[in-house]
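Residue numbers (the working numbering): -13 to 383. Even glycine gets a Cβ: it sits at the ideal position worked out from N, Cα and C. Quick caveat, the model's predicted, so the values are computed rather than measured. Beneath this line is the structure, given in structure tokens, with notes to follow.
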Amino acid sequence: MVCFLDLGTSKVSGLLIEDLSNSKINAFSSIETSGVKKGSIINISATASSISQCLSDIEKQSGSKIKEVLVSISGEEVSSTNSIGQAAITEKEVSARDIENALNMSSTMKIPSDKTLLYAMPNSYLIDGEGDISNPLGMNGIKLEAKSHLIHCSKNTKNNIKKCIKVSSSGIGIRKYFYSQLGVAHSVLTDYQKKQGVCVLDIGAGTTDISVYQNGSITYSKVLPYAGDYITETIASALNIQSRDAEAIKKKYGCAFSDYISEEMIKISLKHGRKSISRKALAETIENSMSKILRHSINTLEENNLLNYIPSGIIITGGSANMEGMEKLGQKLTNLNFKIGFPKYNLPEKSDNLMKPENSAILGMTKFYALEQDKEFTFNQSKGIIARVLEWIRTEL
């Protein structure tokens, strides 16, 4: 039994699978939370309570006792950078030790004292300054360079998650931490898209996560502090209503492309009575807010010279991807192939309700972890990231 936990801004989701080989889902639960803001824990007690409810629900569904969890990390406190490490090729031909040395150098980049390395993804290698090599083992040369994408997170983030797990239940440990966007990619992208070049926008409640894949590997990632909650607050301000009412209206009547909506008045139920609003005006408010999020994302790609390197376009996922008109708005703003990313997962017929963009991360985590186990590749720092990378490389030979 393997239990995965995804701590989002609006909800805590948990998923239990019996066997990694077939990813059969035994239980799933999703509980609202008020203890997380923009991906960061702001209230230990509230977050722990949601985690406790989620895990308790999973245990009841499965009849199993959870002993440890695998936790995804995202949010504003996650950062990334690309790094190059080099090493001498000791015996003219590249050996496993040479690869280890180059990867080790690429992951030893100095980071702020309040950060910790979450994941190191080897991207490609160069020999004597040439080539875009995926596996250099056995090749001739003098100098080997390793290109890696390094993902860091705040030490406080890990510590706060540990506290929440400890408060939520006794005896449950944390097996591993994951960068949530690696799960998303394994859930919504094809190998062809990742090889050709593609961008994923995971628009959740609190943050928008940008990930770019080229030649099969992640080469860029960034977290933006604008997402679904920003749209909700804009609606609340425009209609002079409470945020909770605005969220409900967004989910029931929302549309991101106002041209789809005719001029009609709708009556909405509020906490204190009812109110008539123009659905067209609501759609225009949402379109303006979502356009700002998408433009900010596109500007980020442009600033990093990435727009010309994503021929497979942009895949949008996360809870905000459910909104009507998202694809049309994205195509209008970007002139790129713009599609909604749904999880690609073989589920029983009664589990179709899980196949939603907001569950992309947690479903993808199961695939990513299974792949790691198959290749004996993990980013558990206590066992050594680089040693595990080499073990994975050896299994590929």
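Anyone know if the C-beta pair for residue i and residue j falls short of 8 Å?
i: L(-9); j: Y355; result: no
i: G169; j: S58; result: yes
i: S134; j: S92; result: yes
i: I279; j: R265; result: no
i: S386; j: E63; result: Nothing can be reported for residue 386: it is not among the residues displayed for the chain, which extend from -13 to 383.
i: G311; j: I300; result: no
i: Q179; j: S346; result: no
i: I137; j: S48; result: no
i: V209; j: D195; result: yes
i: L123; j: V80; result: yes
i: P82; j: L130; result: The sequence given here places Ala at residue 82; Pro does not occur at that position. No; because the gap between Cβ atoms is not below 8 Å, this pair is not in contact.
i: I348; j: I326; result: no
i: M95; j: S69; result: yes
i: I37; j: V(-2); result: yes
i: T176; j: N109; result: no
i: E273; j: F243; result: yes
i: I111; j: A132; result: Here residue 111 turns out to be Tyr, not Ile, going by the sequence shown. Cβ distance < 8 Å, so Y111 and A132 count as in contact.
i: T(-5); j: G190; result: yes
i: C241; j: M309; result: yes
Taking the C-alpha atoms as reference points, what is the distance between residue i and residue j?
i: A34; j: G304; result: 23 Å
i: S20; j: G61; result: 15 Å
i: E54; j: G159; result: 4 Å
i: S154; j: L268; result: 39 Å
i: L104; j: I247; result: 44 Å
i: H172; j: K353; result: 6 Å
i: Q39; j: I17; result: 7 Å
i: A307; j: L340; result: 14 Å
i: L41; j: K144; result: 19 Å
i: G228; j: A234; result: One detail in the question is off: residue 228 reads as Gln in this sequence, not Gly. Approximately 10 Å, taken between the alpha carbons.
i: E270; j: I254; result: 17 Å
i: S15; j: L2; result: 9 Å
i: C(-11); j: K23; result: 24 Å
i: K342; j: Y331; result: 11 Å
i: P329; j: S262; result: 37 Å
i: E250; j: G202; result: 47 Å
i: T286; j: S197; result: 11 Å
i: K314; j: Q72; result: 45 Å
i: I147; j: G0; result: 14 Å
i: N121; j: L225; result: 57 Å
i: L6; j: K237; result: 34 Å
i: G157; j: D245; result: 54 Å
i: K46; j: E86; result: 45 Å
i: R281; j: P211; result: 13 Å
i: G214; j: N142; result: 25 Å
In the DSSP output, which residue or residues are listed as bridge partners for residue i?
i: C139; result: V64, T102
i: V(-2); result: L(-7), I17
i: Y387; result: Beyond the ends of the chain as shown, which are -13 and 383, falls residue 387; an answer cannot be given.
i: K253; result: S262
i: G159; result: E54
i: K390; result: Lying outside -13 to 383, the shown extent of the chain, residue 390 is not represented and no answer is given.
i: F164; result: S58
i: N126; result: E79
i: S26; result: K23
i: C241; result: E310
Enumerate in chain order the residues of its own chain whose CB-to-CB distance from residue i is below 7 Å, with the five nearest sequence positions on each side excluded.
i: Y295; result: G183, Q200
i: E405; result: As shown, the chain starts at -13 and ends at 383. That puts residue 405 outside it, with no answer to give.
i: S275; result: Y216, I217, T220
i: Y239; result: I252, R265, L268
i: S140; result: E63, D100, K101
i: L256; result: I227, D231
i: K149; result: I30
i: K181; result: N201, G202
i: I52; result: C(-11), L41, I44, E45, I158
Using a Cβ-Cβ cut-off of 8 Å (strictly less than) and excluding sequence neighbours within five positions of residue i, which residues of its own chain qualify?
i: I421; result: Residue 421 lies beyond the stretch modelled for the chain, which goes from -13 to 383, so this question has no answer here.
i: K369; result: Reliability fails at K369, whose pLDDT of 38 lies under 50, so the model's placement of it is uncertain and the value that follows must be treated cautiously. Once the five neighbours on either side are set aside, K369 has no close Cβ partner at all.
i: M125; result: E79, V80, I113, I119
i: Q167; result: S60, V186, D188, D195, S197, I204, S207, A347
Is there a Cβ of chain D sitting closer than 8 Å to that of residue i, yes or no?
i: D188; result: Considering every chain present, this structure includes no chain D. It has just one protein chain.
Using a Cβ-Cβ cut-off of 6 Å (strictly less than) and excluding sequence neighbours within five positions of residue i, which residues of its own chain qualify?
i: L383; result: Its pLDDT being 48, under 50, L383 is placed unreliably in this model, and the value from its coordinates should be taken loosely. Closer than 6 Å at Cβ, skipping near neighbours: no residue.
i: A232; result: T218, I221, A222
i: G127; result: I75, I113, D114
i: K323; result: With the sequence shown as reference, residue 323 is identified as Asn, and Lys is not the correct amino acid for it. Within the same chain, N323 has close Cβ partners G299.
i: N8; result: none
i: I97; result: H138
i: D188; result: V170, D195, T303, G304
How about residue i: is its Cβ closer than 7 Å to a heavy atom in the ligand COA?
i: Q72; result: In the structure on display, the ligand COA does not appear, and there are no ligands present to speak of.
- Which ranges does the alpha helix (DSSP H) cover as unbroken runs of at least 4 residues, wholly within the stretch 305 to 357, from first to last along the chain? 312 to 320
- Query: If you scan the stretch 77 to 122 from start to end, which runs of the alpha helix (DSSP H) of 4 or more residues do you find wholly inside it?
  - Reply: 82 to 92
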